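Counted the way numbering that gives the first Met the number 0 counts, the sequence shown spans residues 0 to 372. The beta carbon of each residue, even a glycine, is placed where N, CA and C say it ideally should be. This one's a predicted model, so the numbers in the text were calculated from it and none came from an experiment.
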Amino acid sequence: MGDGAFDSGAVLAALARYPPLPARGARVAVVGGFVRDIWLGRDPRELDLVVEGDAAALARTLGGEVVIHEPFGTATATGAGWRVDVAMARSERYPAPGALPQVAPATIEHDLARRDFTVNAIAVTLVGGELLAADGALDDLSRGALSVLHERSFVDDPTRLLRLARYAERLGFAVEPRTASLAARASVATLSGARLGGELRLALTEPDPVAVLGRLADKLPLAIDRSLAEDALALAPPESDRAMLLLGVMSSEEAWLANLELTTREHEVAIACLRAGVPAEVTPSALWRAWRGVPIEAVAVAGARGGGDAARRWIDDLRHVRLEIGGDELIAAGISEGPQIGRRLERTLAAKLDGELTGGREAELAYALRGES
Ligand code: ATP
């Protein structure tokens with residue numbers, strides 16, 4: 000698809016893998032990305048429904064587990080292999096730029112008018128398959144253009160600047176000139192750290208997050224370096240938090256990161272990646288002293304910044320090295336409890352890492368029992 004008449008039937012047919020949706024009661028429509036992606040021949044990422052009425056009540060009719068977000072008039076139903084987000088059709092008023100909107104119940108048509116871009120302001124009613132779309136929505140879908148619905152859009156909600164970058168990259172859509180000039184003049188300064196952090200998380204899980212952040216480089220304190228980011232990701236082991244690695248490696252201000260209200264762990268990873276440098280000494284025991292306790296993502300960044308061999312060795316091998324003995328063995332051998340136990344074990348591990356110990360457990364114990372130096 001992508002040109003010609005819009006096929007509402009294709010949208011309704013794509014609902015077959017969801018539980019049966021209500022055929023009577025309040026007016027309900029499939030909305031936003033689901034409709035857009037079916038039109039574009041893409042696989043929709045999620046199903047959003049909008050209802051002229053009670054979102055929680057509709058979610059409950061779907062079966063599955065229901066989570067209600069009362070203050071927002073939204074609810075999510077989740078079952079085996081499916082998830083549906085339901086929102087009460089609303090109009091929105093922004094009490095201040097960047098603040099969360101005040102919402103009031105409205106028709107689906109009004110609800111479309113408060114959306115971010117025309118290509119998302121499109122819906123198909125469940126009963127009758129009626130197509131509802133903001134002015135210009137179908138044209139923009141056909142020609143692959145991103146347009147805001149009104150002049151104040153980015154002022155009301157600057158998270159749309161990040162959404163614009165995400166959609167432009169993911170869909171390969173052009174930003175329509177008036178929208179581009181509104182975006183160029185807009186700023187994220189009115190956003191709370193929590194809202195900005197939430198949008199950044201979404202941006203960082205896009206298929207090409209570096210390109211998305213690249214589009215935001217004039218709005219955020221970022222230093223985009225694609226090859227650095229790719230080298231770090233290539234070194235990072237599978238359990239890494241790739242989003243926070245990217246955020247850290249491309250951030251240029253610690254204070255800005257601290258303000259994003261990331262989780263404690265996310266913040267720790269991002270800051271460590273921002274600070275990561277190549278250790279001065281690269282013997283195994285020196286790497287252990289430099290990198291034990293350091294998030295693995297930051298080691299990958301250090302590797303990308305010039306310590307590639309050391310980082311690879313740490314990630315693949317050295318970080319997994321353990322002693323076969325523990326404190327209990329030292330106590331059983333007559334060493335009194337206290338900090339010297341830990342020091343002896345550390346000294347022994349350093350020797351093991353540097354290849355000075357052969358012979359396993361016996362050799363470790365003998366080394367650990369030597370007088371403290
Ligand atoms: P995708 O999941 O593919 O990113 P989506 O369109 O489903 O796309 P969501 O973030 O799930 O995106 O949002 C659902 C819909 O809600 C969007 O299509 C858009 O119409 C609307 N929306 C979301 N965030 C905003 C916002 N900040 N301002 C206006 N409308 C928004």
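Asked	Found
Hey, how far is the Cα of Ala-167 from the Cα of Val-209?	13 angstroms
With a 10 Å radius around its C-beta and 16 neighbouring C-beta atoms as the bar for buried, classify Ile-330 as buried or exposed.	exposed
Less than 7 angstroms separating the Cβ of Ala-15 from some heavy atom of the ligand ATP?	no
Taking DSSP as the reference, what is the three-state secondary structure of Ser-250?	strand
Have a look at Ser-372 and Thr-347 and give me their C-alpha separation to the nearest angstrom.	Here the model assigns Ser-372 a pLDDT of 48, short of 50, so the residue's position is not dependable and the matter cannot be decided.
Measuring alpha carbon to alpha carbon, tell me which of Arg-321, Arg-369, His-266 and Val-65 ends up nearest Lys-351.	Arg-321
Hey, quick one: how far does the alpha helix (DSSP H) through Thr-347 stretch, first residue to last?	338–352
Measuring CB to CB, does Arg-241 end up less than 8 angstroms from Leu-201?	no
Roughly how many whole angstroms lie between the Cα atoms of Ser-239 and Asp-36?	30 angstroms
Can you tell me which of the three DSSP states Glu-265 falls into?	helix
Can you tell me which of the three DSSP states Glu-296 falls into?	helix
Looking at Gly-247: is its Cβ nearer than 8 angstroms to the Cβ of Leu-273?	yes
Please confirm whether any heavy atom of the ligand ATP lies closer than 7 angstroms to the CB of Asp-139.	no
In whole angstroms, what is the alpha-carbon distance linking Val-123 and Ala-13?	12 angstroms
Rounded to whole angstroms, how far is the Cβ of Phe-5 from the Cβ of Leu-130, which I believe are closer than 8 angstroms?	5 angstroms
Looking at the unbroken beta strand (DSSP E) that takes in Val-320, where does it start and where does it end?	Here Val-320 belongs to no beta strand (DSSP E), and DSSP marks it neither H nor E.
Can you have a look at Val-66 and say buried or exposed, based on whether 16 or more other CB atoms are within 10 angstroms of its CB?	exposed
Indicate the three-state DSSP secondary structure (helix, strand or coil) for Glu-64 in the structure shown.	strand
Does the region 81–100 come within contact of the region 10–29, defined as at least 3 CB pairs closer than 8 angstroms?	yes
Would you kindly report the start and end of the unbroken alpha helix (DSSP H) that includes Ser-180?	176–184
Mind listing, in chain order, the continuous alpha helix (DSSP H) runs of no fewer than 4 residues lying wholly within the region 128–209?	136–142, 152–155, 158–170, 176–184 and 192–203
Can we count Gly-72 as close to the ligand ATP, meaning its CB is less than 7 angstroms from some heavy atom?	no
Excluding five sequence neighbours on each side, which residues of the same chain lie with their C-beta closer than 6 angstroms to the C-beta of Ala-9?	Ile-37
At what residues does the alpha helix (DSSP H) containing Ile-107 begin and finish?	107–112
Rounded to whole angstroms, what's the CA-CA distance from Gly-1 to Leu-111? Just pull it up for me.	Because Gly-1 sits at a pLDDT of 40, beneath the cut-off of 50, its placement in the model cannot be relied upon, and the following sentence gives the value as read from the coordinates. Looking at the two C-alpha atoms, the distance is approximately 20 angstroms.
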